[in-house]
Amino acid sequence: MAIATKPKVGFWAILWDLLTTVDHKKIGLLYTATAFFAFALAGVFSLLIRAQLAVPNNTLLTGEQYNQVLTLHGATMLFFFIIQAGLTGFGNFVVPLMLGARDVALPRINAFSYWAFLGAIILALMSFFFPGGAPSVGWTFYSPFAVQSGSGVNFYMAAILLLGFSSLLGNANFIATIYNLRAQGMSMWKMPMYVWSVFAASVLNLFSLAGLTSATLLVLLERKIGLSWFNPDVGGDPVLFQQFFWFYSHPTVYVMLLPYLGILAEVASTFARKPLFGYKQMVWAQMGIVVLGTMVWAHHMFTVGESTIFQIAFAFFTALIAVPTGVKLFNLIGTLWGGHLQMKTPLLWVLGFIFNFLLGGITGVMLSMTPLDYHFQDSYFVVAHFHNVLMAGSGFGAFAGLYYWWPKMTGRLYDERLGRLHFWLFLVGYLTVFLPQYALGFLGMPRRYYTYNADIAGWP
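Anchor point for the sequence shown: position 419 equals 419 in UniProt numbering, and the numbering is continuous, going up by one each time.
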């Protein structure tokens, strides 16, 4: 009996399929590939930063070039990699499969949200080719710098607006899919933990997105038609911009974290060969993070001169959010405890996450205390803490998910030896870069400076 062979599919046919697809798996692959491309690009910017700061009084980059690279590194890593890989990348691919659904609730809207995301990246990179070059105001785009800088800021503001529109559509799509398209007999309390994580992150992102969108739009209006919102030279209030920005950006830290906590829970349960420890407690902890995540934004603003009551309230909520976050970490350890551990590459990333995220959590509680925050504000201690939480948290979770779902996403197995080598090189390199920065912060070395004297860094 003859067996029919599949005709070879040409390049243009594949390209057309990717351009026109509404299939959730292909869109998930597009999101994931684009997000990891953004990670590689942000990594190149990081290498330039580290090369400039490798020795005192270095002249590899000028101050303006350093600030441009610093801005692009932070914005690309946060907005285009960390949020997208865990939420829209893996989420699009596996959430419908976990729910037993054929696709997401709104497939065409899902495809449109991806192309809007890609357009945002292109807009951001276009800033290099216009007068003034890329924005040099830092990834926070604080006013009045964002109002007074060159045209590159316009492109990045437009990119952030387009990205916000993409996120709005994507998050609403996830919520509709999870709420309406679960398989028969699957109640909310029977959903996999990763699905709960995507649901929680989508709700939190939808709630807080208005802050960033409003701030970005108002900065563009201020730059283009002369309205006075944030620029103190014409009666604006720069602290108001910080309120808008951090109302979105600190909840977004948990949007960046929650999907990866779900991924790590799935990996831990699989490779410990036992059910997830404290399933309901983990769900309630996630929803607690969603609620408390909207109450902590102003701890970034302790040094701007707000009232004592204001500082006490936000210090309290910032310390309180460590409780549900600690529950997630405790339950992750409880899942591994007593299990028949299979020390495969995805589980190594889970173990690396536990160590590094614990360190980041402890230093985060330190920064929630107003007197300590005054001491460490804008120092390298904050840089080390931030990377401990996000790069060693979300980044390790992204690689755990990539190795865990690689066979399902590609139809191929990865080389276990190369996976282990990747983990150890990444872990050692990460610790070598960021652990000394805690000491530098204690010594008072400020962040966002493009050069420094030898005596500041303790050079002989």
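Think of the CB as a built atom: it goes at the ideal place given N, C-alpha and C, for glycine as much as any other residue.
Task: Nearest neighbour of I289, chosen from L258, G305, R273, F302 [CA to CA] - done: Counting from one through the sequence shown, the residue named residue 289 turns up at place 289. If we check each option's Cα against that of I289, L258 comes out closest.
Open item on the list: What does the Cβ neighbour count give for K328, buried or exposed, with the cut at 16 atoms within 10 Å?
Closed with: On the sequence shown, residue 328 is found 328 positions in, with the first residue counted as 1. Looking at its Cβ environment, which holds 16 or more other Cβ atoms inside 10 Å, K328 is buried.
TODO: Kindly list the residues whose CB is nearer than 7 Å to the CB of A285, restricted to its own chain and excluding five residues on each side of it in sequence; keep chain order.
DONE: Within the sequence shown, residue 285 is the residue found at index 285, counting from 1. Taken in chain order, the residues that qualify are P324, V327, K328.
TODO: Go ahead and label I83 buried or exposed: buried means 16 or more other beta carbons lie within 10 angstroms of its beta carbon, across all protein chains shown.
DONE: Looking up residue 83 in the sequence shown gives position 83. Buried is the call here.
TODO: Please classify Q68: is it buried, with 16 or more other beta-carbons within 10 angstroms of its beta-carbon, or exposed?
DONE: Position 68 of the sequence shown, counted from the first residue, corresponds to residue 68. Classification of Q68: buried, given that the 10 Å Cβ count is 16 or more.
- [ ] Output yes or no for whether 8 Å exceeds the beta carbon distance between G100 and A210.
- [x] To locate residue 100, count along the sequence shown from 1; it is residue 100. To locate residue 210, count along the sequence shown from 1; it is residue 210. Not a contact, by the Cβ cut-off of 8 Å.
Open item on the list: Could you compute how far the alpha carbon of M366 sits from the alpha carbon of V253?
Closed with: Looking up residue 366 in the sequence shown gives position 366. Looking up residue 253 in the sequence shown gives position 253. Between M366 and V253, the C-alpha separation is close to 17 Å.
Task: Classification of T62 by the beta-carbon crowding that lies within 10 angstroms, buried from 16 upward - done: What you label residue 62 is simply residue 62 of the sequence shown in a count that begins at 1. When all chains shown are included, T62 counts as exposed.
Open item on the list: DSSP three-state label for P131, please.
Closed with: Position 131 of the sequence shown, counted from the first residue, corresponds to residue 131. Per DSSP, reduced to three states, the secondary structure at P131 is coil, with no helix or strand assignment.
Task: Cβ neighbours of F45 in the same chain (closer than 6 Å, five flanking residues each side left out) - done: Within the sequence shown, numbered from 1, the residue matching residue 45 stands at position 45. V69, L72, H73, listed in sequence order.
Task: Alpha-carbon to alpha-carbon, L341 and A272 - done: As a working note, residue 272 is residue 272 in the sequence shown. As a working note, residue 341 is residue 341 in the sequence shown. Their Cα atoms are separated by approximately 4 Å.
TODO: Have a look at V433, I160, W349, I333 and flag the residue whose alpha-carbon is nearest the alpha-carbon of I49.
DONE: Working through the sequence shown from its first residue, we reach residue 49 at position 49. The option with the nearest alpha carbon to I49 is V433.
TODO: Note down the Cα distance separating V428 from F317, rounded to an integer number of angstroms.
DONE: In the sequence shown, counting from the first residue as 1, residue 428 sits at position 428. In the sequence shown, counting from the first residue as 1, residue 317 sits at position 317. The alpha-carbon atoms of V428 and F317 are separated by roughly 34 Å.
Open item on the list: Between which residues of its own chain and T177 is the CB-CB distance below 6 Å, once the five residues before and five after are set aside?
Closed with: The count along the sequence shown starts at 1 and reaches residue 177 at position 177. Correct list, in chain order: V104, A105.
Open item on the list: Tell me which residues share the same chain as G10 and place their Cβ nearer than 7 Å to its Cβ, disregarding the 5 neighbours each side in the sequence.
Closed with: Residue 10 sits at position 10 when you count from the first residue of the sequence shown. Nothing meets the Cβ criterion.
Task: Same chain only: Cβ atoms within 7 Å of F423, ignoring 5 sequence neighbours per side - done: Position 423 of the sequence shown, counting from 1, holds the residue named residue 423. For F423, where only same-chain residues beyond five positions count, the Cβ hits under 7 Å are T345, L348, W349, G352.
Open item on the list: Measuring CB atoms only, is the region 352 to 364 touching the region 219 to 232, in the sense that at least three cross pairs come out at less than 8 Å?
Closed with: Three or more beta-carbon pairs separated by less than 8 Å are not found between the region 352 to 364 and the region 219 to 232, which leaves the two stretches without contact.
- [ ] Give the straight-line distance between the Cα atoms of S368 and S202, rounded to the nearest whole angstrom.
- [x] Against the sequence shown, residue 368 aligns to sequence position 368. Against the sequence shown, residue 202 aligns to sequence position 202. Their Cα atoms are separated by approximately 25 Å.
TODO: Along the alpha helix (DSSP H) that carries K274, what are the first and last residues, could you check?
DONE: Position 274 of the sequence shown holds residue 274. Where K274 is concerned, there is no enclosing alpha helix (DSSP H), given that its DSSP letter is neither H nor E.
- [ ] Check whether the Cβ atoms of G360 and V389 sit closer than 8 Å, and answer yes or no.
- [x] Against the sequence shown, residue 360 aligns to sequence position 360. Against the sequence shown, residue 389 aligns to sequence position 389. Yes, the Cβ-Cβ distance between G360 and V389 is below 8 Å.
TODO: Could you check what DSSP says for S379 in three-state terms: helix, strand or coil?
DONE: Locating residue 379 in the sequence shown gives position 379, counting from the first residue. Looking at S379 - three-state DSSP - the assignment turns out to be strand.
Open item on the list: Going by DSSP in three states, P324 sits in which element: helix, strand or coil?
Closed with: One-based indexing of the sequence shown puts residue 324 at position 324. It is helical.
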